[in-house]
Structure formats: C-alpha cells, structure tokens
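Numbering (full-length UniProt numbering), first residue to last: 1 to 312.
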C-alpha cells in the first residue's frame, strides 16, 4: 500500500509540475507576428485558421491590432519553437483592404503530417463596431464587446461570446457554446456540446445534438432543441413564441404569469398549474389556452418530465 501511495504522490507531483510549466508557457507566450491598422469607418474582420484558436475583443478607437501565435501542433514539441521548415509550409496573411482586415493562416499543401503541423492562432483587438467572420477547423473562438453582424464557425472547439449586439450565426461541430449579455437575432448550433445563454434579448435559436441547453434571463422569441440532454429556461419576457423540445431529457421553463397562452405540453409526465385554462389535460399532455390564449408555448420531451412554472 505504501508503494502505491508513494507512486501516486510522485505521479501527482509530476502532473502538477507539467501543468505549472504549461501555465507559465501560456503566460509568457510571445506573438510570432504583430500588425496594427487604422480604419476609416465601420470595419469588417475576416479571420481564418486551420489549426488554432481565435480571440477577438472590441474596444474604443479605430485601431486594429492583430497578434499571430504559432506553436507546434504535436504536443510533444509544444515547448519548442516552430522550425523554419514547418513555417515554410504555411501561409500567414495579415493585411488591410479598405476597412476590411484579413487574418488568414493556412497550410500550403492539403496533406497532414503531425510531425510538422502547426497551431496558428490569432488574438485581435478591434473597434466596437466590427462585423466579424471567424472560422477555425481546430480550435476555440472567443468574441467579446462588438456590435454588428457576426459569423462564427469552428469544427473542433468551443465558442465563447460576451457583450454582443447584432445578428449572429454561431456553429461548432465539436464543442460547447457559451454566451453572456446579448442583444439581437442569434442562431447557435452545435453537434457535440451544451449551450448556455445568459442575459439575452431578441430572437434566440439554440440547437444541439449532444448536450443540454441552459437559458437564463432571456427575453424574446425562443426556439431551443436538443437530441441528447435537458433544457432549462428562465424567461423574463415572452416574445412571439416559446418552443423547447428534447428527445433525451427533461424540460423546465419559468415564464411570466398572467399572459395569454396557447399551451402544448407533452412528456412522460407534465407538471404545471392551470388557471383560466380551457382545453384538455392529463399527466402526459396539456393542450389548450390560458387567459384566453395568445403566445404559443410548446414544450415536449420523449424521455423525461415537462414542467412549466409561472413567475408572479
């Protein structure tokens, strides 16, 4: 037992040392390239990389600062600088055309060799009014404090948004989506993770095939669907409709009381208070009107409980 304990301690110590080394490396990382530009009006950003993350932050002024970070994609070589031979196989294009900023990193050939593969990421500071088109095939995307139309897509990481105003399409095939403080029309879709949205106003469409959906302090039109998890929604103000559907978990929503509603609730068990109700109800289905009818509220699950509560 003592040998096992000693071995476990040594292993934990080694892991802690490695974690500290990587943390120090992350803090001390220096950009491979830095470029600055001046805009003369509302700007657009086109950022694309095949093997790294993208982080965009809005601020005051009309300056754009693009920082390029390059590291070996092979984890065994992460502490080493990228070799000239590996760099020669990539194109890094950071430039300005009018009020459009381009930050593009891509491999010259389409082959993949893990020994010389690079992770090329961007950290970009932009004016607040900036329409962004961000795309990466192998990393996460962070976007904060911008106004305008946003197109965001990753095939291999998570999406994290904060303080966004404007219309946005956000799609990931391999990670979660998190959003805090949003105003506009949102289309958020993931095939492999959860969706969490806090403090949003406008139209929200949130679809996932592999996780739960959490909606907190939401006002507006809401359409949330998941095939593999539960849905929890805290609605401060209803819009034109509320639709919450899952095939693999429970559905719970809290909405303002006193509204005229057209209810359609379905699940293995349905729980709600029915006041001024006209329609049909049993333990598995409630369909009818509340307070004379009005806003369509559809909640359904094939694998759990559907519960609708009212905020007084």
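By construction, the Cβ of each residue, glycine as well, lies at the ideal position given by its N, Cα and C atoms.
Separation of residue 242 from residue 293, as counted between CA atoms: For residue 293 and residue 242, the distance between alpha carbons rounds to 14 angstroms.
Nearest-angstrom Cβ-Cβ length linking residue 127 and residue 62, presumed shorter than 8 angstroms: 5 angstroms between Cβ atoms; contact.
Buried or exposed (CB count within 10 angstroms, at least 16 for buried), residue 261: Buried, because 16 or more other Cβ atoms sit within 10 Å of the Cβ of residue 261.
Rounded separation between residue 135 and residue 29 - CA only: The straight-line gap separating the alpha-carbon atoms of residue 135 and residue 29 is approximately 23 angstroms.
Under 8 angstroms between C-beta atoms of residue 124 and residue 70: No.
Backbone CA spacing between residue 186 and residue 178 [nearest angstrom]: Their backbone Cα atoms lie some 12 angstroms apart in a straight line.
Exposed unless 16 or more other CB atoms sit within 10 angstroms - verdict on residue 105: Label assigned to residue 105: buried.
From 82, 258, 259 and 245, residue whose alpha carbon lies closest to that of residue 266: Comparing Cα-Cα distances from residue 266 to each of 82, 258, 259 and 245, the minimum goes to 245.
Residue 51 vs residue 137 beta-carbon contact at 8 angstroms: Cβ distance < 8 angstroms, so residue 51 and residue 137 count as in contact.
Residue range of the alpha helix (DSSP H) that includes residue 259: Neither: residue 259 is in no alpha helix (DSSP H) and is coded neither H nor E.
Residue 27 versus residue 203 - alpha carbon distance: Residue confidence is low: residue 27 scores 36 on pLDDT, short of 50, so the model does not pin down where it sits. Its coordinate-derived value is still stated next. C-alpha separation (whole angstroms): 38 angstroms.
Buried versus exposed, by CB contacts within 10 Å (16 or more), residue 116: So residue 116 ends up on the buried side.
With 16 other Cβ atoms within 10 Å as the buried cut-off, status of residue 157: Buried.
Touch test, the stretch 294 to 308 against the stretch 224 to 242, Cβ-Cβ under 8 angstroms, three pairs minimum: Counting C-beta pairs with one atom in each stretch, the stretch 294 to 308 and the stretch 224 to 242 have three or more that are closer than 8 angstroms, which means they touch.
C-alpha gap between residue 43 and residue 281, whole angstroms: Straight-line Cα distance between these residues: approximately 54 angstroms.
Buried versus exposed call for residue 97 [16 or more other C-beta atoms within 10 Å across all chains shown]: Exposed, by the Cβ-count rule.
Residue 159, DSSP secondary structure in three states: Residue 159 falls in the strand class under three-state DSSP.
Completely contained alpha helix (DSSP H) runs for the stretch 59 to 141, where each covers 4 or more residues: Inside the stretch 59 to 141, DSSP marks whole alpha helix (DSSP H) runs of 4 or more residues at positions 84 to 87, from first to last along the chain.
Contact under 8 angstroms by Cβ, residue 144 with residue 165: Note that the C-beta distance between residue 144 and residue 165 is not below 8 angstroms.
Proximity of residue 304 and residue 227 at Cβ, strictly below 8 angstroms: No, Cβ-Cβ distance for residue 304 and residue 227 is not below 8 angstroms.
Whole-Å CB distance - residue 180 paired with residue 198, under 8 angstroms assumed: That pair is a contact at about 5 angstroms.
Beta-carbon gap between residue 284 and residue 268 smaller than 8 angstroms: The Cβ atoms of residue 284 and residue 268 sit closer than 8 angstroms to each other.
CB of residue 103 within 8 angstroms of CB of residue 94, strictly: Contact flag set, yes.
Helix, strand or coil at residue 199 [DSSP, three-state]: Residue state, collapsed to three classes: strand.
Backbone CA spacing between residue 235 and residue 147 [nearest angstrom]: Cα to Cα, residue 235 sits roughly 24 angstroms from residue 147.
CA nearest to the CA of residue 217, picked from 120, 141, 151 and 196: Closest by alpha carbon: 196.
Contacting residues, own chain, Cβ-Cβ under 6 angstroms from residue 213 (five flanking each side not counted): These residues qualify, in order along the chain: 195, 206, 224, 226 and 231.
Cβ-based burial, residue 72 [other Cβ within 10 Å; buried from 16]: Under this definition residue 72 is a buried residue.
Exposed unless 16 or more other CB atoms sit within 10 angstroms - verdict on residue 176: Answer is buried; the Cβ neighbour count reaches 16.
Distance between residue 302 and residue 182 (C-alpha atoms, nearest Å): Taking the Cα positions, residue 182 is about 31 angstroms away from residue 302.
Cα-Cα separation, residue 83 to residue 49: In this structure, the alpha-carbon of residue 83 lies about 19 angstroms from that of residue 49.
Backbone CA spacing between residue 92 and residue 150 [nearest angstrom]: Taking the straight line from one Cα to the other gives about 23 angstroms.
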